[in-house]
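*Asks:* After the structure tokens below, expect a handful of questions from me.
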């Protein structure tokens, strides 16, 4: 045990060193995160001219009022929510399944683990372009796969159909994100002592019981991290959808990030776009917090 | 500098070509001298480096062309190239961030907005500017000269919407004349579909971002004026307008256009024509190059025809704009480069345009371009150059409202309104109303999503 006096003395001695260590990261965070966030909030309260030469007149919450009273916003928010639910659920579940599979001993496991990294190493935009071709109604491989599996009998233009465009964009994004989830969860699984599972098996626990009562609780911290990151990625998703559908057909895949992009950079209504960005940022933050709460609810060490 | 002015003193925006030539008078002759053409003395006064921003269509060619200009004793040019997709957003972000760019490619619909925001300079009074405009097709001038008479841009390239059709399929379908009007296109498409010649005869680039061009193309085809001279939306006043949207919806809903057109890019559409999966393709004239060069089984059967019958088609063109540099010598050098890149070189030849014609069949909005022997040689023989020239001259309009400062706002919303029409989620009547509302909101400065 260290005495309180010594602890304080060490703490004081390390304070300056610790401060110096954190300064570079703090500066980067302030410049790249805090300042843009602050400016976005400031812009959202002003009627900013397109050239950005000044803040423009202060308009209070007028921009928020316009956004929240617009059916375009609510439709886009619904699409964002649907996308997020599909994205978070599927990428977490598939990532978990892949992690469990790759934690087993089998021939070629090393290669399989290396392959898991490929989707994650591919940029979002490239994923979008690849999946646009894959889902194409006349030359895409997705139709060929579905026909080969007997799921459909004819070619279907998934991205031109408002009923299927969103699910296909979700699948494309999940394809990448599940590998990320898989990598993190596999790392978590590798810290799970074999003895726990063996002892439970000796006590008569089945595979499902061992998964439910040993594996899952053990993975809870990793799952929380994965789920929170997935929620944030879901709400901020832009590249894949932009490359695949540009928000179409109609507004079937117009998530909030696309609406923000258009408002800020195409129409250059900076104030309105910033208000949208503030709202989306808050939604992502709240979504992340709720996810953490849910995952840790009733958690017993 | 000679200018033709209206009673209020402003430069006449849409004067005819004859007036321009008369007004240019002596300067038109002087324009033929090296001093007023690209590479002239004004560039020599500036010894620094110019900055140019372009999108990524043949970046090596851009750099080569600019290097040739520099080699003529002109300043060096830093050419930066960024993707066409998202170019407008990236450019605006750079300029808003204080980036000083001397010369940049721009979409015509941004041009007046950029002037108003102080990101681009007016070109009024620059040496040879009136001569350049005087040599331009009258139909094209409204894109480069605003209603107040200010010269806001020079051409980068220009094109007209044309009908690409498969001659062989038309013969098989016993269609004697190439369809021209919307109704004829509908009838011919239906005949080809019902005759089992091709399942989805008509393709077009109906992605959200591009619906706005088709809106104008189809309205012009029916002789409908979309916006009056002040930029006020008037298409709703024309009883034929609803019919245009009924036609558009029917083409999609009846399967005369494939379901995928809401998402297909022009490369795929060209391929559909080359492979014989479509009989008609309406888009810029230069897509004939894409279709032919794909060398598909039907590529050689694809030809080009005018659309709109006795009415018009849409003439488009992207532009070059001068940045807001304050230094006079620097501006003079930039203007010199602009003339070279958007008009003629020192020897009075369409060197840059000729290169784009060779590369992709792009055109310049000058009658002289179409009669230049080098240009004629640059175009593949399958192009009907006199037809394209005639379409520029008398068969097309630029819709001057497309350069107004509020227009990008409207442009961004057209796809949101047209797609529901095509998907059967909105009636033609509601579409007309929604477009009118969107135009009124944009032009009135109303903030809305």
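Protein chains in written order, with UniProt numbering: chain A, 1 to 301; chain B, 1 to 449. C-beta: ideal position from N, C-alpha, C; glycine also. Predicted, not measured: the structure shown is a model, and the values here were computed from it.
(1) In or out: residue 36 (chain A) buried (at least 16 other Cβ within 10 Å) or exposed?
(2) Can we say the region 127 to 144 of chain B touches the region 280 to 298 of chain B, given the rule of at least three CB pairs closer than 8 Å?
(3) Taking only beta carbons into account, state which residues of the region 32 to 52 of chain A come closer than 9 Å to chain B, listed in chain order.
(4) For the candidate residues B:420, B:404, B:434, B:370, whose alpha-carbon lies nearest to that of residue 146 (chain B)?
(5) Could you tell me whether the Cβ of residue 167 (chain A) comes closer than 9 Å to any Cβ of chain B?
(6) Pick from B:132, B:50, B:249: whose alpha carbon is nearest that of residue 69 (chain B)?
(7) Return the CA-CA distance between residue 133 (chain B) and residue 120 (chain B), expressed in angstroms with no decimal places.
(8) Would you check if there are 3 or more beta carbon pairs closer than 8 Å linking the region 386 to 405 of chain B to the region 309 to 324 of chain B?
(9) Do you know offhand how far residue 93 (chain A)'s Cα is from residue 240 (chain A)'s?
(10) State whether the region 401 to 417 of chain B contacts the region 216 to 233 of chain A, with contact taken as three or more CB pairs (one from each stretch) at a distance under 8 Å.
(11) Tell me which same chain residues have a C-beta within less than 6 Å of the C-beta of residue 189 (chain A), skipping the five on either side of it?
(12) Going by beta-carbon coordinates alone, are residue 78 (chain A) and residue 169 (chain A) separated by less than 9 Å?
(13) Measuring only the C-alpha atoms, how far is residue 208 (chain B) from residue 19 (chain A)?
(14) Does the region 240 to 254 of chain B touch the region 178 to 186 of chain B, meaning 3 or more C-beta pairs lie closer than 8 Å?
(15) Please go through the same chain and pick out, in chain order, the residues whose beta-carbon is closer than 7 Å to the beta-carbon of residue 358 (chain B), but skip the five residues on each side of it.
(16) Just the C-alpha distance for residue 414 (chain B) and residue 263 (chain A), rounded to the nearest angstrom, thanks.
(17) Just to make sure I have the definition right: I need the residues of chain B whose C-beta is within less than 9 Å of the C-beta of residue 73 (chain A). Which are they?
(18) Which runs of the alpha helix (DSSP H) at least 4 residues long sit entirely within the region 378 to 437 of chain B? Give them in chain order.
(19) Using Cβ-Cβ distances below 9 Å, what residues of the region 252 to 280 of chain A are close to chain B?
(20) Where residue 438 (chain B) and residue 89 (chain B) are concerned, what is the direct C-alpha to C-alpha distance, given to the nearest angstrom?
(21) How big is the Cα-Cα spacing for residue 178 (chain A) and residue 222 (chain A)?
(22) Against chain C, with Cβ distances strictly below 9 Å, would residue 66 (chain A) count as a contact?
(23) Cα separation between residue 257 (chain B) and residue 429 (chain B)?
(24) Assign residue 284 (chain B) to one of three DSSP states: helix, strand, or coil.
(25) Check residue 41 (chain B) in the structure and name its three-state DSSP category.
(26) Along chain A, which residues have their Cβ under 7 Å away from the Cβ of residue 119 (chain B)?
(27) In angstroms with no decimal places, state the Cα-to-Cα distance between residue 31 (chain B) and residue 335 (chain B).
(28) Would you list the residues sitting across from residue 313 (chain B) in a DSSP beta bridge?
(29) Tell me which residue opens and which closes the alpha helix (DSSP H) that residue 343 (chain B) is part of.
(30) Please report whether the beta-carbon of residue 96 (chain B) lies at a distance below 9 Å from any beta-carbon of chain A.
(31) Using the Cα positions of residue 164 (chain B) and residue 172 (chain B), report the straight-line distance between them to the nearest angstrom.
(32) Does residue 213 (chain A) pass the burial test, meaning 16 or more other C-beta atoms within 10 Å, or should it be called exposed?
(33) Buried or exposed, going by whether 16 or more other CB atoms sit within 10 Å of the CB of residue 151 (chain A)?
(34) With C-beta atoms as the reference, is residue 452 (chain B) less than 9 Å away from residue 123 (chain B)?
(35) Rank A:187, A:257, A:163, A:192 by C-alpha distance to the C-alpha of residue 420 (chain B) and give the top, closest one.
(36) Grab me the residues of residue 471 (chain B)'s own chain with a C-beta within less than 8 Å of its C-beta, minus the 5 sequence neighbours each way, in chain order.
*Replies:* According to the data block:
(1) As a first step, residue 36 (chain A) is located in the first chain; it is residue number 36 there, counting from the start. Looking at its Cβ environment, which holds fewer than 16 other Cβ atoms inside 10 Å, residue 36 (chain A) is exposed.
(2) no
(3) 47, 49, 50, 51, 52
(4) Start at 1 with the first residue of the second chain, and residue 146 (chain B) comes out as number 146. Out of B:420, B:404, B:434, B:370, B:404 has the C-alpha closest to the C-alpha of residue 146 (chain B).
(5) Reading the first chain from its first residue, position 167 is the one you call residue 167 (chain A). By this cut-off, residue 167 (chain A) is not an interface position.
(6) For the purposes of this step, residue 69 (chain B) is taken as residue 69 along the second chain, with counting starting at 1. Here the closest residue by C-alpha is B:50.
(7) One-based indexing of the second chain puts residue 133 (chain B) at position 133. One-based indexing of the second chain puts residue 120 (chain B) at position 120. Whole-angstrom Cα-Cα distance: 19 Å.
(8) yes
(9) Position 93 of the first chain, counted from the first residue, corresponds to residue 93 (chain A). Position 240 of the first chain, counted from the first residue, corresponds to residue 240 (chain A). C-alpha separation (whole angstroms): 20 Å.
(10) no
(11) Counting from 1 along the first chain, the entry for residue 189 (chain A) is found at position 189. Closer than 6 Å at the Cβ level, and outside the excluded window around residue 189 (chain A), lie 99, 103.
(12) Position 78 of the first chain, counted from the start, is the residue given in the question as residue 78 (chain A). Position 169 of the first chain, counted from the start, is the residue given in the question as residue 169 (chain A). The answer is no: Cβ separation not under 9 Å.
(13) Within the second chain, numbered from 1, the residue matching residue 208 (chain B) stands at position 208. Within the first chain, numbered from 1, the residue matching residue 19 (chain A) stands at position 19. Spanning the two alpha carbons is a distance of roughly 52 Å.
(14) yes
(15) Residue 358 (chain B) sits at position 358 when you count from the first residue of the second chain. Only 378 meet the Cβ criterion.
(16) Position 414 of the second chain, counted from the first residue, corresponds to residue 414 (chain B). Position 263 of the first chain, counted from the first residue, corresponds to residue 263 (chain A). Approximately 14 Å between the Cα atoms of the pair.
(17) What you label residue 73 (chain A) is simply residue 73 of the first chain in a count that begins at 1. Under the 9 Å cutoff, chain B gives 449.
(18) 385 to 394, 407 to 422
(19) 252, 254, 259, 261, 262, 263, 264, 265, 266, 267, 268, 269, 270, 271, 272, 276
(20) In the second chain, counting from the first residue as 1, residue 438 (chain B) sits at position 438. In the second chain, counting from the first residue as 1, residue 89 (chain B) sits at position 89. About 21 Å.
(21) Sequence index remark: in the first chain, residue 178 (chain A) carries index 178 (1-based). Sequence index remark: in the first chain, residue 222 (chain A) carries index 222 (1-based). Distance between the alpha carbons of residue 178 (chain A) and residue 222 (chain A) is about 14 Å.
(22) Of the protein chains in this structure, namely A and B, none is chain C.
(23) As a first step, residue 257 (chain B) is located in the second chain; it is residue number 257 there, counting from the start. As a first step, residue 429 (chain B) is located in the second chain; it is residue number 429 there, counting from the start. Approximately 21 Å, taken between the alpha carbons.
(24) The residue you call residue 284 (chain B) lines up with position 284 of the second chain. Looking at residue 284 (chain B) - three-state DSSP - the assignment turns out to be strand.
(25) By 1-based counting over the second chain, the position of residue 41 (chain B) is 41. Low confidence applies here, because residue 41 (chain B) scores a pLDDT of 47, under 50, leaving its location unreliable; read the following figure in that light. In this structure, residue 41 (chain B) counts as helix in the three-state DSSP scheme.
(26) Walking along the second chain from the start, residue 119 (chain B) turns up at place 119. The answer, in chain order, is 51.
(27) Stepping through the second chain from its first residue, residue 31 (chain B) is reached at position 31. Stepping through the second chain from its first residue, residue 335 (chain B) is reached at position 335. The pLDDT assigned to residue 31 (chain B) is 38, lower than 50, so where the model puts this residue is not dependable; a value taken from the coordinates is nonetheless given after this. Rounded to whole angstroms, residue 31 (chain B) to residue 335 (chain B) spans 14 Å at the Cα level.
(28) Indexing the second chain from 1 puts residue 313 (chain B) at position 313. Beta-bridge pairing links residue 313 (chain B) to B:396.
(29) The residue labelled residue 343 (chain B) in the question sits at position 343 within the second chain. Neither: residue 343 (chain B) is in no alpha helix (DSSP H) and is coded neither H nor E.
(30) The residue labelled residue 96 (chain B) in the question sits at position 96 within the second chain. So yes, residue 96 (chain B) belongs to the interface.
(31) Your numbering for residue 164 (chain B) matches position 164 in the second chain. Your numbering for residue 172 (chain B) matches position 172 in the second chain. In a straight line, the C-alpha of residue 164 (chain B) is about 17 Å away from that of residue 172 (chain B).
(32) Working through the first chain from its first residue, we reach residue 213 (chain A) at position 213. Under this definition residue 213 (chain A) is an exposed residue.
(33) As a position in the first chain, residue 151 (chain A) is number 151, starting the count at 1. Residue 151 (chain A) is exposed by the Cβ-count criterion.
(34) Lying before the first or after the last residue shown, residue 452 (chain B) is absent from chain B, which here runs from 1 to 449.
(35) Walking along the second chain from the start, residue 420 (chain B) turns up at place 420. Closest option to residue 420 (chain B), Cα to Cα, is A:163.
(36) Any property of residue 471 (chain B) remains undetermined from this structure, which presents chain B solely from 1 to 449.
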